[in-house]
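One line per chain: the protein sequences are A and B, in this order. The opening residue of the first sequence carries number 1 in this note's numbering; numbering runs sequentially from there. The opening residue of the second sequence carries number 1001 in this note's numbering; numbering runs sequentially from there. Beta carbons are placed, not taken as given, at the ideal position from N, Cα and C, and that holds for glycine. Quick caveat: nothing in here was measured; it's all calculated off a predicted structure. See structure below.
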Amino acid sequence: MMELLFDSHFIGSLLQSTLRVTTPLLLVALGELYGERAGMINIGLDGIMTVGATVGFLVGYITVNPVLGLVVGALAGMLINMIYAYSTITLRSGQIINGMALNILAHGFVGIHFQTVFWGHDETDPGHGPKTNQCSGVVRDSGLGSGFVQSKSHYLFGICACDFDGHIL
Amino acid sequence: MDIRLKNTIMKVGRSVISIVAAIAIGAILIAAVGENPVIAYGFLLRGAFGNARAVGETLVKATPLIFTALAAVFSYRCGMFNLGVEGQFIMGAIGASWLSSNILPFGGIGNTLLSLLIGTLAGGLWGAIPGLLKAYRGLNEMIVSILMNYIATLFMAFLYSGPLMEKNIPQTAAILDDVKLTRLIEGSRVHTGIFIAIGMMILVTYFLFKTAKGYQLRVVGLNPIAANVNGLSVKRMMVSAFVGSGMIAVLGGAVELLGSSYRLMSGFGFGFGFDGVGIALIGQLHPVGAGLVAYLFAVLRTGANTMKIATGITTSVVDIVQAVIIIFAVAGTAITMLPGVKALVNRKWKGVEQ
Chain A
1 MMELLFDSHF IGSLLQSTLR VTTPLLLVAL GELYGERAGM INIGLDGIMT VGATVGFLVG
61 YITVNPVLGL VVGALAGMLI NMIYAYSTIT LRSGQIINGM ALNILAHGFV GIHFQTVFWG
121 HDETDPGHGP KTNQCSGVVR DSGLGSGFVQ SKSHYLFGIC ACDFDGHIL
Chain B
1001 MDIRLKNTIM KVGRSVISIV AAIAIGAILI AAVGENPVIA YGFLLRGAFG NARAVGETLV
1061 KATPLIFTAL AAVFSYRCGM FNLGVEGQFI MGAIGASWLS SNILPFGGIG NTLLSLLIGT
1121 LAGGLWGAIP GLLKAYRGLN EMIVSILMNY IATLFMAFLY SGPLMEKNIP QTAAILDDVK
1181 LTRLIEGSRV HTGIFIAIGM MILVTYFLFK TAKGYQLRVV GLNPIAANVN GLSVKRMMVS
1241 AFVGSGMIAV LGGAVELLGS SYRLMSGFGF GFGFDGVGIA LIGQLHPVGA GLVAYLFAVL
1301 RTGANTMKIA TGITTSVVDI VQAVIIIFAV AGTAITMLPG VKALVNRKWK GVEQ
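This is the structure in structure tokens:
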């Protein structure tokens, strides 16, 4: 039984799925790292990711261009984060509660998006747009973004982003 | 004008303005989706107040929100952010379910009362953990309590998929009929839990504003250094705040289980915790205000379902309205603290007084 654990096929697929799951966690952590270095605690990253994914998916679906979807998704996430930023930095209100409200806001935003764009009914029934095989989701944070493209490039992106941040910070 | 009256008017005004502004934004969103906002909001109100069943449903949804908001208010007043309300809620329900179904050999109202009581006390221990870690080790209680939410949720999942599972469906057994909290109005789901919630609201108000211990709690929240210099044990107050807040949240979970859900299953208690914290802030950290705002949120949630059935607008619009209320309330509180804005407001007040 234990020899199945060390089967090369199993280990290979384990490593591959590890890399795949690491990418979003890594990028979000890097984004939060920038914020924490500046002294801010951003709980709303979950919501920003959701918004970035939704917008990036939509743009990638419309323009059939994954890179454009990636970039626009990152920009959208950045814009939604500006609500948190203005409320926290300029108006000096609490950071945690603003982050949590942003999470709820993003949740609602996605629901509206599904209804208006994909003729669905709510977030549990996204409707029946034909699925794109180019872009399936965008992960973003307060400055970086990434796309789950069906190629190996996103692993590389994650590693490059890490290296890049290491040099900056 | 009396300064306290002025402060109260400012506080209530901030909440009211943020609620009105958020509802206006919701109207803009509804118009953007293509519906008539007035008609949509009409359906929302009808869904919340239209008939006895609707009113009852609103009260049922309000009860857990009142509990979580009170728990958040209690810990905020001591300067502690108890974001583990969701986990405490779930642990309360677990405790009540386990006690009433598996442990206590008798049924009836004794079972109900004992489950609530013991569940509350035990849940206070769960709530004390972040408090102890903050007071004696300096850990950030927000992070600890948020992560303990996950522990509680997954523990509940483990329980209803394993030891407490009933008949191969992933949920626990329903509590016995005579243990359930009695329903008040025929045809609706209102249960005596609403009385417990209102009673808790009165109790917390009395404790915070009329007792010595409550005063000490508020002092520690307002200025821990001054409290320490004056001899109050800040560490003990911090832990007590968390224990008290945990007990209120745990009671809420137990009441929700015994009155409305009757069994643990996936998704139990989802969304009550963080909304409770937001409600506490919108209600300007006053128990009665928090209770009123909790009722408003319940109105929004209940009405959203009717609005969705009647006009096809998703419940997400109400989600956005709730989030925007929270953001506006918090930002509004902060914006009136800014020096420039404060000076402007004081000038306007002077004009009003003369």
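Is Q1322/B close to chain A, meaning its C-beta is less than 8 Å from at least one C-beta of that chain? Within the second sequence, numbered from 1, the residue matching residue 1322/B stands at position 322. Chain A contact via Cβ: present.
Starting from N65/A, find everything on chain B with Cβ-Cβ shorter than 8 Å and list it in chain order. Start at 1 with the first residue of the first sequence, and residue 65/A comes out as number 65. Those within 8 Å of N65/A in chain B number zero; the least Cβ separation is about 27 Å.
From the DSSP output, in three-state form, read off M1080/B for me. Taking the second sequence and counting its residues from 1, one reaches residue 1080/B at position 80. Residue state, collapsed to three classes: coil.
Check R1347/B in the structure and name its three-state DSSP category. Translated into positions along the second sequence, residue 1347/B becomes position 347. Here R1347/B sits in helix by DSSP.
Pull out every residue of the stretch 88 to 116 of chain A whose Cβ sits closer than 7 Å to any Cβ of chain B, in chain order. L91, R92, S93, G94, I96, I97, N98, M100, A101, I104, L105, H107, G108, F109, G111, I112, Q115, T116
By how many angstroms is the C-alpha of G1303/B removed from the C-alpha of P1224/B? Position 224 of the second sequence, counted from the first residue, corresponds to residue 1224/B. Position 303 of the second sequence, counted from the first residue, corresponds to residue 1303/B. C-alpha separation (whole angstroms): 42 Å.
If the cut is a Cβ gap below 9 Å, which residues of chain A does G1278/B touch? Position 278 of the second sequence, counted from the first residue, corresponds to residue 1278/B. Here the neighbours are I97, M100, A101, I104.
To be precise: take each residue of the stretch 67 to 87 of chain A, compare its Cβ to all Cβ atoms of chain B, and keep it if any distance is under 9 Å. Which residues remain? I83, Y84, Y86, S87
So, does the CB of D1002/B fall closer than 8 Å to a CB anywhere in chain A? Position 2 of the second sequence, counted from the start, is the residue given in the question as residue 1002/B. Closer than 8 Å: no.
Between the stretch 1019 to 1036 of chain B and chain A, which residues of the former have CB atoms less than 9 Å from a CB of the latter, in chain order? L1029, A1032, V1033, G1034
Sheet register partners of H1191/B (DSSP bridge): Taking the first residue of the second sequence as position 1, residue 1191/B is located at position 191. R1183/B.
W1098/B: which of V1239/B, L1132/B, N1111/B sits nearest, CA to CA? Locating residue 1098/B in the second sequence gives position 98, where the first residue counts as 1. For W1098/B, the nearest C-alpha among the options comes from N1111/B.
By the criterion of Cβ-Cβ separation under 9 Å, what are the contact partners of M1142/B in chain A? One-based indexing of the second sequence puts residue 1142/B at position 142. Under the 9 Å cutoff, chain A gives I41, I43, I96.
Taking 8 Å as the limit between beta carbons, can you name the residues of its chain near S1362/B, skipping five residues before and five after? Residue 1362/B is absent from the model: chain B starts at 1001 and stops at 1354.
From the DSSP output, in three-state form, read off M1265/B for me. As a position in the second sequence, residue 1265/B is number 265, starting the count at 1. Strand.
Residues of chain A with CB closer than 8 Å to the CB of L1338/B, please, in chain order. Within the second sequence, numbered from 1, the residue matching residue 1338/B stands at position 338. Going along chain A in sequence order, the residues near L1338/B (Cβ under 8 Å) are L91, R92.
Verify the CB distance criterion: does L1281/B have a CB-CB separation below 8 Å to chain A? As a position in the second sequence, residue 1281/B is number 281, starting the count at 1. Chain A contact via Cβ: present.
Buried or exposed by the 16-neighbour rule on C-beta atoms within 10 Å, applied to D1275/B: Counting from 1 along the second sequence, the entry for residue 1275/B is found at position 275. Under this definition D1275/B is a buried residue.
Amino acids of chain A, ordered along the chain, whose beta-carbon sits closer than 9 Å to that of T1311/B: On the second sequence, residue 1311/B is found 311 positions in, with the first residue counted as 1. The contacting residues do not exist; T1311/B stays about 11 Å from chain A at best.
Unbroken alpha helix (DSSP H) runs of length 4 or more, entirely within the stretch 21 to 76 of chain A: which are they? 45 to 63
Could you tell me which uninterrupted beta strand (DSSP E) segments, each at least 3 residues in length, are contained entirely in the stretch 1029 to 1102 of chain B, listed from first to last along the chain? none
Any 3 or more C-beta pairs closer than 8 Å across the stretch 1268 to 1287 of chain B and the stretch 1073 to 1091 of chain B: yes
Rounded C-beta distance between T1120/B and M1247/B? I'm assuming under 8 Å. Within the second sequence, residue 1120/B is the residue found at index 120, counting from 1. Within the second sequence, residue 1247/B is the residue found at index 247, counting from 1. T1120/B to M1247/B, Cβ: 5 Å. Contact.
Thinking just about the alpha-carbon of each residue, which of V71/A, T90/A, Q95/A, E32/A is nearest to the one in V1341/B? The residue labelled residue 1341/B in the question sits at position 341 within the second sequence. Looking at the Cα atoms, T90/A is the closest of the given residues.
DSSP state of Y1286/B, grouped into three classes? The sequence position of residue 1286/B within the second sequence is 286, counting from 1. The sequence shown places His at residue 1286/B, not Tyr. Coil at H1286/B, not helix or strand.
Output, in sequence order along the chain, the residues in the stretch 1107 to 1118 of chain B whose CB is closer than 8 Å to any CB in chain A. none
Output yes if chain A places a C-beta closer than 8 Å to the C-beta of T1306/B; else output no. Here residue 1306/B is taken as the residue at index 306 of the second sequence, counted from 1. For T1306/B, the answer is no, since every Cβ of chain A falls outside 8 Å of its Cβ.
For T1315/B, does the three-state DSSP call read helix, strand or coil? For the purposes of this step, residue 1315/B is taken as the residue at position 315 of the second sequence. Three-state DSSP puts T1315/B in coil, outside helix and strand.
Excluding the five sequence neighbours on either side, which residues of its own chain have a C-beta within less than 7 Å of the C-beta of A1054/B, listed in chain order? Position 54 of the second sequence, counted from the start, is the residue given in the question as residue 1054/B. Excluding sequence neighbours, A1054/B sits near G1047, A1048, T1302.
Buried or exposed by the 16-neighbour rule on C-beta atoms within 10 Å, applied to S1266/B: Sequence index remark: in the second sequence, residue 1266/B carries index 266 (1-based). With fewer than 16 Cβ atoms within 10 Å of its Cβ, S1266/B is classed as exposed.
Any beta-carbon of chain A closer than 8 Å to the one on S1316/B? Your numbering for residue 1316/B matches position 316 in the second sequence. Yes, its Cβ sits closer than 8 Å to a Cβ of chain A.
Taking Y86/A as part of the alpha helix (DSSP H), name the residues at either end of that continuous run. As a working mapping, residue 86/A is identified with position 86 in the first sequence. It is not in any alpha helix (DSSP H) - Y86/A carries neither H nor E in the DSSP assignment.
List, in order along the chain, the chain A residues whose C-beta lies closer than 9 Å to that of T1058/B? Working through the second sequence from its first residue, we reach residue 1058/B at position 58. Result: empty, since nearest Cβ-Cβ is about 20 Å, beyond 9 Å.
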